[in-house]
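Presented below is the structure to which this report refers.
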Amino acid sequence: MVSRVIPVEPFDLIIFGGTGDLAKRKILPGLYRRLAAGQMPDGARVIGAARGEMDASGYRDMVREALETFVPEEDRDADSIDTFLALLDYVPIDAKGEAGWPELAALVRKDVVQAYYFSVGPSLFGDLAARLHKHEIAGPQARIVVEKPFGHDLESAKALNASLAEHFNEDQIYRIDHYLGKETVQNLMAVRFGNMLFEPLWNAQYIDHIQITVAETVGVGGRGAYYDKSGAMRDMVQNHLMQLLCLIAMEPPSRFDPDAVRDEKLKVIRALDPVLPHHIVRGQYDALGEEPSYREDAGDPKSRTESYVAMKVHISNWRWANTPFYLRTGKRLKARASEIAVVFKETPHSIFDNEAGSNRNVLSIRLQPNEGMNLDVTIKEPGPGGMRLVTVPLDMTFADALGPDVEEVPDAYERLIMDVIRGNQTLFMRGDEVEAAWAWTDPLIEGWQQRGEVPKTYDAGSAGPEDAMMLMHRDHRRWREIKP
Ligand code: NAP
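Sequential numbering from 1 applies to the sequence shown in UniProt numbering.
Put into C-alpha cells, the structure is as follows:
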C-alpha cells in the first residue's frame, strides 16, 4: 500500500512559549514524530521563542531532553532526532516588551508558510498579535494557533477574539481543541456521512439517547488553585464535550470544508435548550487514604467549584426533539475513559422468547484510551439449543481490513499542527462557535452562583456522585460503565 503521508509545504513554525510544558510534552514531540514519519518537508524550521536567555544550541539540548522524556523509547531514532534538532532555532523574546522582536523579524521567512503557535497563557494573545503586526513579521500566509482556555466566559472570549481580529483575519486563526484531532472523531464523520446505513437512523425516531463521557483518574493536584477558578464546566464541557456533541448532532454539511462543517456545528450550539437546574449534578471528589480531597487540592476548604459535572441536555430541532444527550465529565473517577455512545431504541416488538440480548444497538465511539468504534448488535448465540440471542460488539475500526502498511495513527497534536501548515481549518473552532458555547454555558454557571449551590461529594475512584446516577435512573436509563 502506498504511504499515506501527505507532504506539506516548507514552513517556519514559531512556538511562543517554546520552553513551556505544552511545547515539551506535545508540540515538539508531535513535530518530531511527523519528521520520523517522513512528513517534514525540506526547508521546514521550528523556532522556539520565550523570555529565557539561551542560544539555538541550548534550545536543542532542552528539546533533546524533552524528546527523551516524552517520546517513548521505541519511537525514538537517533538519526531522526539529530535531523529534527537541526531544524530548530531559538529567539529570546518578551511578549510584553520590545526585546527580541527585531531578531525574530530578521529570522522569519516571508516566502514560506508561517505558523505562530501561541503556547502561552491567553493574557498574552493580544500582545503577541499586536507585536507580530507592529514589527511587520506576519506575512499574508501567516497563521496563528491558540490554545484553550479561550476565555473564561462570553465577555472574555469576545475580548480575545477582538484582540486577535485586530491584526488577523478569521481564516488565519486556528483555535485548537485537541479532541477534534483524534482519529475516531474524524472517523465518526466518515461513518455518519460516508455511509447510507446510519444517517437515516440518526434522529429522535430511532435513537433513544446519547451519552458523552470524559472521565479522568487524576485529580487537580498541583493545578488546584488555578483549576478552582475554572471547574469542569469551563474546563471540559464548554469546549471538548460541546465539540463532540456538535459533531454527533449536526446536520450533514454540504461539503467537508471548514466553514460548511463549522456552520452546522454552530447551529447545534444555538439550538441547545437552557438546562434545567435539576438536570445538572455537580460534584467534588473526596479524600481517599493519603490522597487529598478536591477542596484540599484547591487550597480552599469552602470551594464551590465542581470537579465533576453531569447533565441532561436537549437540542431544540426536528432531528433531536425529545432525544436527551447526557454529558458527564470528572476527575478522580474509576477509570480514564472518553466515549460517545449512541444508544438506539429497542426493537418495537420482539418475536423471540427468552431473550438474552438487549435488542438495543449501541454505537460506541471511544476516544481514549484505545481509540476505536464498536457497534453492539444482537445475533443468535452460535450452536445448537434453540434460538438464544446475544449482543456482541462489532469492531468498526477495521484497521486489519486496511492492511499492514497503513500509517500509524498520528497523535491529535501532530495532525492538527500539520492541518495548520496545510491551511485546513475544519478541525479548529471558529470564533463564533466559541462565543456561542460560552453564551450557553454562562447562565448555567451564573445560576449556580446565584443559588449558592454546593457540589455533592463523591468517592474518589467511583463513577461520580449518586445524584448523577439518579439523573439517569429517573429517566429509566443508566450510564454506561466507565472502564479503561
Ligand atoms: P508553561 O509551562 O507555564 O509555559 C509558558 C511558556 O510561555 C514558557 O515557555 C514561558 O517561558 C513563556 N512565556 C511566559 N511569559 C512570556 C512572555 N511575557 N513572553 C514570552 N514568553 C513567555 O505553560 P504551558 O503549560 O506550556 O501552557 C501554555 C498554554 O497552553 C496555556 O495557555 C495553557 O493553558 C495551554 N494548555 C496547556 C496544556 C498542557 O498540557 N500544558 C494543555 C492544554 C492547554 P518564559 O517564562 O521563559 O518566558
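All residues carry an ideal CB built from backbone N, CA and C; glycine is no exception.
TODO: Measure the beta-carbon distance from residue 153 to residue 438 and round it to whole angstroms, keeping in mind my assumption that it falls under 8 angstroms.
DONE: Counting from 1 along the sequence shown, the entry for residue 153 is found at position 153. Counting from 1 along the sequence shown, the entry for residue 438 is found at position 438. Yes, residue 153 and residue 438 are in contact; Cβ-Cβ is about 6 angstroms, under 8 angstroms.
Open item on the list: For residue 188, which residues in the same chain have their Cβ closer than 8 angstroms to its Cβ, ignoring the five residues on either side in sequence?
Closed with: Numbered from 1 along the sequence shown, position 188 holds the residue referred to as residue 188. Result list for residue 188: 247, 248, 340, 365 and 373, in chain order.
Task: residue 73 Cβ short of 7 angstroms to ligand 2 heavy atom set - done: In terms of ligand content, the structure shown lacks ligand 2 and carries ligand 1 instead.
Open item on the list: I need the DSSP call for residue 285, collapsed to helix, strand or coil.
Closed with: Sequence index remark: in the sequence shown, residue 285 carries index 285 (1-based). Note: residue 285 maps to strand in three-state DSSP.
Task: Cβ-Cβ separation, residue 70 to residue 25 (assumed contact under 8 angstroms), whole Å - done: By one-based count along the sequence shown, residue 25 stands at place 25. By one-based count along the sequence shown, residue 70 stands at place 70. In this structure residue 25 touches residue 70 by the C-beta definition: roughly 5 angstroms separates them, less than 8 angstroms.
Open item on the list: Check this for me: beta carbons of residue 283 and residue 465, under 8 angstroms apart or not?
Closed with: One-based indexing of the sequence shown puts residue 283 at position 283. One-based indexing of the sequence shown puts residue 465 at position 465. Contact flag set, yes.
Open item on the list: Between the region 110-122 and the region 136-151, can you find at least three pairs of beta-carbon atoms closer than 8 angstroms?
Closed with: yes
Task: residue 48 - containing beta strand (DSSP E), residue span - done: Position 48 of the sequence shown, counted from the first residue, corresponds to residue 48. 45-50 is the extent of the beta strand (DSSP E) around residue 48.
Open item on the list: Considering just the uninterrupted stretch of the alpha helix (DSSP H) at residue 59, what are its terminal residues?
Closed with: As a first step, residue 59 must be located in the sequence shown, where it is residue number 59. Where residue 59 is concerned, the enclosing alpha helix (DSSP H) stretches over 56-70.
- [ ] Identify which residue in 435, 469 and 443 has its Cα closest to the Cα of residue 159.
- [x] Start at 1 with the first residue of the sequence shown, and residue 159 comes out as number 159. Comparing alpha-carbon positions, the option among 435, 469 and 443 lying closest to residue 159 turns out to be 435.
Open item on the list: Any residue with its Cβ nearer than 5 angstroms to a heavy atom of ligand 1 should be included. What is that list in chain order?
Closed with: 17, 19, 20, 21, 22, 50, 51, 52, 94, 95, 96, 119, 120, 121 and 147
TODO: Evaluate residue 274 with the Cβ neighbour count: other Cβ atoms within 10 Å of its Cβ, from every protein chain shown; 16 or more gives buried, anything less gives exposed.
DONE: Translated into the one-based positions of the sequence shown, residue 274 becomes position 274. Residue 274 comes out exposed.
Open item on the list: Given a cut-off of 8 angstroms on the beta-carbon distance, is the pair residue 344 and residue 360 in contact?
Closed with: As a first step, residue 344 is located in the sequence shown; it is residue number 344 there, counting from the start. As a first step, residue 360 is located in the sequence shown; it is residue number 360 there, counting from the start. Result yes, Cβ atoms of residue 344 and residue 360 sit closer than 8 angstroms.
- [ ] On the DSSP bridge assignment, give the partners of residue 211 in chain order.
- [x] For this step, residue 211 is matched to residue 211 along the sequence shown. DSSP output for residue 211 lists 326 and 341 as bridge partner(s).
TODO: Note down, one range per segment and in chain order, each beta strand (DSSP E) of at least 3 residues found wholly within the region 87-142.
DONE: Annotation: the region 87-142 contains the following complete segments of the beta strand (DSSP E) (minimum length 3 residues), in chain order: 88-92 and 113-118.
Open item on the list: Please report the distance separating the alpha-carbon of residue 92 from that of residue 17.
Closed with: Position 92 of the sequence shown, counting from 1, holds the residue named residue 92. Position 17 of the sequence shown, counting from 1, holds the residue named residue 17. The C-alpha of residue 92 lies about 10 angstroms from the C-alpha of residue 17.
Open item on the list: Between 444, 460 and 450, which has its C-alpha nearest residue 279's C-alpha?
Closed with: Your numbering for residue 279 matches position 279 in the sequence shown. Check the Cα spacing between residue 279 and each of 444, 460 and 450: the tightest is with 444.
TODO: Taking all protein chains shown into account, decide if residue 455 is buried (16 or more other Cβ within 10 angstroms of its Cβ) or exposed.
DONE: The residue labelled residue 455 in the question sits at position 455 within the sequence shown. The residue is buried, with at least 16 neighbouring Cβ atoms inside 10 Å.
TODO: Give the DSSP-derived three-state secondary structure of residue 306 in the structure shown.
DONE: If you number the sequence shown from 1, residue 306 lands on position 306. Coil, per DSSP.
Task: Short Cβ contact (8 angstroms threshold) for residue 177 with residue 240 - done: As a working mapping, residue 177 is identified with position 177 in the sequence shown. As a working mapping, residue 240 is identified with position 240 in the sequence shown. Their beta carbons are under 8 angstroms apart, which means residue 177 touches residue 240 by this criterion.
Task: Reduced DSSP secondary structure (H/G/I, E/B, other) of residue 420 - done: In the sequence shown, residue 420 corresponds to position 420, counting from 1. In the structure shown, residue 420 sits in a helix (DSSP, three-state: H, G or I).
Task: Which of helix, strand or coil DSSP assigns to residue 378 - done: Working through the sequence shown from its first residue, we reach residue 378 at position 378. Looking at residue 378 - three-state DSSP - the assignment turns out to be strand.
Task: Closest residue to residue 216 among 332, 419, 10 and 97 (Cα-Cα distance) - done: What you label residue 216 is simply residue 216 of the sequence shown in a count that begins at 1. The residue with the shortest Cα to Cα distance from residue 216 is 332.
Task: Rounded C-alpha distance that separates residue 441 from residue 235 - done: Translated into positions along the sequence shown, residue 441 becomes position 441. Translated into positions along the sequence shown, residue 235 becomes position 235. The alpha-carbon atoms of residue 441 and residue 235 are separated by roughly 11 angstroms.
Open item on the list: Between the alpha carbons of residue 39 and residue 415, how many angstroms are there, rounded?
Closed with: Counting from one through the sequence shown, the residue named residue 39 turns up at place 39. Counting from one through the sequence shown, the residue named residue 415 turns up at place 415. Distance between the alpha carbons of residue 39 and residue 415: 11 angstroms.
Task: Residue from 368, 369 and 391 whose Cα sits closest to the Cα of residue 485 - done: Residue 485 is absent from the model: the chain starts at 1 and stops at 484.
Task: Presumed contact (8 angstroms Cβ cut-off) between residue 30 and residue 413, rounded CB distance - done: On the sequence shown, position 30 is the one that residue 30 refers to. On the sequence shown, position 413 is the one that residue 413 refers to. Rounded, the Cβ-Cβ distance is 4 angstroms, consistent with contact.
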